[in-house]
Structures are given as C-alpha cells and as structure tokens.
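Colleague:
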Amino acid sequence: RNYVYGVLRFFQLIRAGRFLKYLESVEETLETTMNVILSTAFMRVLQMFFGVILLCHWFACIFHFIGDSSSGAYNWLVADDSMQDNVGARYLRAFYWALYTGNEGSFWHCRPR
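Going letter by letter, the sequence shown gives residues 5 to 117 in the numbering used here.
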C-alpha cells in the first residue's frame, strides 16, 4: 500500500514548475507593495538554492526507497542501524547523505558508522 501511495505522489512533480511562477509573483508583490527591488543575481541564487534542495529531496527519496524496498538484504539501513527508526528519521539520514555527497563530489567520505 505504501509503495502505491509513493508512486502516485510521484505525479506531484508536475507541480514543481508552478514554483517559479509563484516566485515571480512574490517578487512582483514585493516590488509593488513594499518598494523592494530584488536583483536578478539574487533571484538566480535563490532559484539555484531551491533547485539544490529539490534535487537533494529527490535523491533522498530514491535512496530511502532503495533501502526500504530491499529490507531482507544488507543495505544502508542495516549498516546505519536505522531499521527501527521512524520514516522521518530515515528520510533525514537519506537527505543528509544526498546533500553531503552532492556537495562533496565523491563518495569516499561516506561510511557507515
């Protein structure tokens, strides 16, 4: 049941494109009501930041799915002694892994404890 729900939630990715429109409307609102002008460079940095967070989220979900679906085998959940943790704690471990390896550029520093 949880896997079907996860697959169906995959279609929410279509809504990710709406975020850029939302960001533009926030920028216009700030300019008109508060006379705050955001530079193009700031907006690019903000878009890049949210892009990195979104990619890390996707990789964390994939990493968590791999560990969760191979429950009988020796996987990262077993190596990390996280099988008994709740889903939120395991997701945060997977998100940390995605953020760390994405910024580090290599897998050499990631070892099970």
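Each residue gets a CB set at the ideal place from its N, CA and C atoms; glycine is no exception.
Hey, how far is the Cα of Met47 from the Cα of Leu27?
Modeller: As a position in the sequence shown, residue 47 is number 43, starting the count at 1. As a position in the sequence shown, residue 27 is number 23, starting the count at 1. For Met47 and Leu27, the distance between alpha carbons rounds to 9 Å.
Colleague: Where does Phe53 land, buried or exposed, given buried means 16+ other C-beta within 10 angstroms?
Modeller: In the sequence shown, counting from the first residue as 1, residue 53 sits at position 49. Around the Cβ of Phe53, a 10 Å sphere holds fewer than 16 other Cβ atoms; the residue is exposed.
Colleague: By DSSP, does Gln51 sit in helix, in strand, or in coil?
Modeller: By one-based count along the sequence shown, residue 51 stands at place 47. Helix.
Colleague: Let me make sure I understand the geometry here. Which of Tyr104, Thr105 and Phe67 has the alpha-carbon closest to that of Arg94?
Modeller: For the purposes of this step, residue 94 is identified with residue 90 of the sequence shown, where counting begins at 1. Among Tyr104, Thr105 and Phe67, the Cα nearest to that of Arg94 belongs to Phe67.
Colleague: Quick check: the region 81 to 92 against the region 28 to 42, are at least 3 beta-carbon pairs closer than 8 Å?
Modeller: no
Colleague: Applying the criterion that 16 or more other CB atoms from any shown protein chain within 10 Å of the CB defines a buried residue, is Arg22 buried or exposed?
Modeller: Your numbering for residue 22 matches position 18 in the sequence shown. Label assigned to Arg22: exposed.
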